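In full-length UniProt numbering, the protein residues as written are 1 to 455.
Read the structure below first, then the notes.
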Amino acid sequence: MGVNNTNQLSYIKTLMLLGVSTLSVLLFSVSTTSVINIAGGQTYEANTMIASTNIEGLSEQEAIKRLEEEVSRWQENALITLDFYWEEAVLPVSIFEFFVPESISGVEQGSQHSLHVGVNAALLKEEVDAFLHAEDLIEYEELQRSLVEQVALLPHHPITIDLRSFRLAATVEEVEVARASLEVASFSELENLIDEIDGYELNPNQSFSMNEALAHLNLPTRNNYAISIVSSAIYQAIVETNFEIVDRSIGQSKPVYTKVGFEAYVDEHHDFVVTNPNPFPYSIKLRIESNTLYASITGAPFTYTYEVEIDDERTLKPRTILRYSPDLARGATRTIENGRDGYFAKIYRKQLDANGVFMERTLLAEDFYRPVHRIVERSLHYQESNSSSNGLTNENEQNETSNENDTNSDERTSTDTDTSNGANSGPDETLNDNESGNGSNEREGNNSVPKKGEE
1 MGVNNTNQLS YIKTLMLLGV STLSVLLFSV STTSVINIAG GQTYEANTMI
51 ASTNIEGLSE QEAIKRLEEE VSRWQENALI TLDFYWEEAV LPVSIFEFFV
101 PESISGVEQG SQHSLHVGVN AALLKEEVDA FLHAEDLIEY EELQRSLVEQ
151 VALLPHHPIT IDLRSFRLAA TVEEVEVARA SLEVASFSEL ENLIDEIDGY
201 ELNPNQSFSM NEALAHLNLP TRNNYAISIV SSAIYQAIVE TNFEIVDRSI
251 GQSKPVYTKV GFEAYVDEHH DFVVTNPNPF PYSIKLRIES NTLYASITGA
301 PFTYTYEVEI DDERTLKPRT ILRYSPDLAR GATRTIENGR DGYFAKIYRK
351 QLDANGVFME RTLLAEDFYR PVHRIVERSL HYQESNSSSN GLTNENEQNE
401 TSNENDTNSD ERTSTDTDTS NGANSGPDET LNDNESGNGS NEREGNNSVP
451 KKGEE
């Protein structure tokens with residue numbers, strides 16, 4: 001009885017081992033069917049692709065041949081561009097090595113695979129260093145990985161690599177990349193605003209809007225004068241960076257706290273907006289000491305140097321407008337408006353390479369402050385006497401009309417005569433029309449920029 005039981009147990013164990021072995025063979029057979037079939041002269045099934053090459057219906061050798069042809073064709077037509085801000089360089093495809101047989105080996109049926117690609121690290125570093133002139137600023141392992149991932153697909157479109165995304169942020173010490181200062185008397189609203197804006201961080205590709213920032217600040221009151229001072233200080237620093245000036249305005253008259261070309265006027269209807277185009281964050285630093293407002297931008301150092309240049313700067317002298325009033329005694333005069341100078345200037349940003357060699361100059365803005373004309377009233381009795389004796393008033397009117405129509409004249413009359421009897425009629429309306437504008441560096445209507453010789 002014991003012997004029979006032992007035989008039965010042995011028989012059951014044998015059957016179980018045989019079953020497990022059979023199942024293992026079947027599973028292995030299923031998982032390797034594609035490789036075995038190809039090795040046996042079979043072809044690849046539908047939707048089997050390597051990179052952008054379809055190898056459906058091909059044997060292994062045929063697939064290798066087709067893939068090698070596709071690689072050669074891609075090498076002839078491929079365009080790989082290294083991009084760094086406004087500069088570009090073409091990366092030669094000779095730095096890549098393609099492993100076609102290894103890519104074919106072990107391909108699963110009906111699926112898509114990348115091509116096995118290698119990159120010559122030494123040649124890649126040589127190309128990048130020659131382009132940037134900054135050997136230690138690039139994370140080369142990440143750059144190689146990105147290149148291989150894209151090239152392995154043999155894309156039919158050009159490949160563009162933005163090298164800014166591969167700069168070594170961790171090894172770059174934060175520095176002051178730009179600074180500016182304004183001479184301005186301190187007051188409470190200005191100090192409160194400086195405290196709130198100081199330390200504001202602009203993340204990569206993020207914009208800074210003064211009005212949007214103000215909406216989130218804990219300020220008791222809004223003081224547009226203080227806001228414009230701070231905006232102008234920030235703007236003066238920003239122009240010496242590669243930040244993009246998205247929105248900027250100027251007022252009707254040049255402020256006393258800054259030079260022509262550096263105002264950033266802000267109110268409820270005019271904003272100051274800049275964008276950080278870099279892959280690293282930058283901070284706005286503000287402080288005021290001894291009636292001097294200091295603004296700076298801190299962050300990773302730039303590869304290039306940026307400088308501001310003011311060109312074609314002009315002072316536009318006001319004219320004197322004569323008005324005649326019946327309210328004044330004979331021979332009497334009075335000054336209604338003393339007038340003030342106008343200004344015009346072009347603001348450029350220059351870009352220099354690491355050796356200080358000039359690369360390019362970009363026009364940022366043309367600032368125009370219209371002059372305010374001097375207005376003098378004379379007695380109407382003087383006009384009547386002068387008109388009856390020699391007709392000078394009519395002559396003055398004709399000269400003024402002629403000069404207004406001659407935009408190319410190099411000499412303009414410095415005195416205009418108003419012959420209206422109403423002391424506050426025509427002239428005031430004319431001046432208001434001429435002085436209209438939106439306070440922006442993109443002036444409207446009659447605020448056109450004067451030609452040289454017309455001011």
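Each residue gets a CB set at the ideal place from its N, CA and C atoms; glycine is no exception.
These figures come from a predicted structure and were not determined experimentally.
Which residues mark the beginning and the end of the beta strand (DSSP E) in which residue i is found?
i	result
Ala-295	292–299
Phe-98	96–99
Val-184	Per DSSP, Val-184 belongs to no beta strand (DSSP E) and is neither H nor E.
Leu-364	358–369
Tyr-200	200–202
Enumerate in chain order the residues of its own chain whose CB-to-CB distance from residue i is below 8 Å, with the five nearest sequence positions on each side excluded.
i	result
Ser-231	Met-210, Ala-264, Tyr-265, Val-266 and Phe-272
Thr-221	Glu-189
Gly-356	Thr-305
Which residue or residues does DSSP assign as beta-bridge partners of residue i?
i	result
Ala-178	Ile-297
Lys-285	Ser-296
Ser-379	Ser-325
Ala-89	Leu-82
Met-49	Asn-54 and Gln-112
Val-273	Ser-209 and Asp-247
residue 459	Because residue 459 is not part of the residues shown, which for the chain are 1 to 455, the question remains open.
Ile-159	Ile-80
Val-117	Phe-98
Thr-315	Tyr-343
Provide the residue span of the alpha helix (DSSP H) that contains residue i, from first to last.
i	result
Gln-150	140–151
Tyr-225	224–238
Please confirm whether residue i and residue j have their CB atoms less than 8 Å apart.
i	j	result
Gly-165	Thr-275	The question names Gly, but residue 165 is Ser in the sequence shown. No; because the gap between Cβ atoms is not below 8 Å, this pair is not in contact.
Thr-298	Ser-181	no
Asn-323	Ile-375	First, the amino acid is wrong: residue 323 is Arg here, not Asn. Against a cut-off of 8 Å, the Cβ pair of Ile-375 and Arg-323 comes out as a contact.
Val-148	Ile-138	no
Gln-351	Tyr-304	yes
Val-175	Pro-301	yes
Ala-329	Ala-233	no
Thr-320	Glu-377	no
Ile-159	Leu-123	no
Tyr-348	Leu-316	no
Leu-82	Ile-194	no
Ala-345	Gly-261	yes
Arg-314	Asp-198	no
Ala-51	Leu-115	yes
Tyr-257	Glu-196	no
Val-308	Val-246	no
Glu-60	Val-100	no
Leu-219	Asn-192	yes
Ser-379	Ser-325	yes
Arg-179	Ala-365	no
Ile-227	Leu-214	yes
Leu-154	Phe-84	no
What did DSSP end up calling residue i once you bin it into helix, strand or coil?
i	result
Ile-310	strand
Glu-70	helix
Ala-164	A small fix is needed here, since residue 164 is Arg in this sequence, not Ala. Helix.
Lys-346	strand
Phe-131	helix
Gln-75	helix
Phe-242	Looking at the sequence provided, one finds Asn at residue 242 rather than Phe. Reduced to three states, the DSSP call for Asn-242 is coil.
Leu-219	coil
Glu-337	strand
Leu-190	helix
Lys-125	helix
Asp-267	coil
Ser-59	coil
Ser-253	coil
Ser-103	helix
Taking 6 Å as the limit between beta carbons, can you name the residues of its chain near residue i, skipping five residues before and five after?
i	result
His-381	Arg-330
Tyr-282	Leu-202, Asn-276, Ile-297 and Gly-299
Gly-339	Pro-318, Val-372, His-373 and Arg-374
Ile-55	Tyr-44, Thr-48 and Ala-63
Val-93	Gln-75 and Ala-78
Gly-110	Glu-45, Asn-47 and Thr-48
Val-71	Phe-98
Gly-57	Thr-43
Gly-118	Glu-97
Asn-120	Ile-95
Quick check: is the beta carbon of residue i nearer than 8 Å to any beta carbon in chain B?
i	result
Trp-74	The chain labelled as chain B is not found in the depicted structure, where only one protein chain is given.
Cutting at 7 Å between CB atoms, please list the residues of its own chain near residue i, excluding the five before and the five after it.
i	result
Pro-279	Arg-164, Ser-165, Arg-167 and Pro-204
Phe-358	Lys-350 and Leu-352
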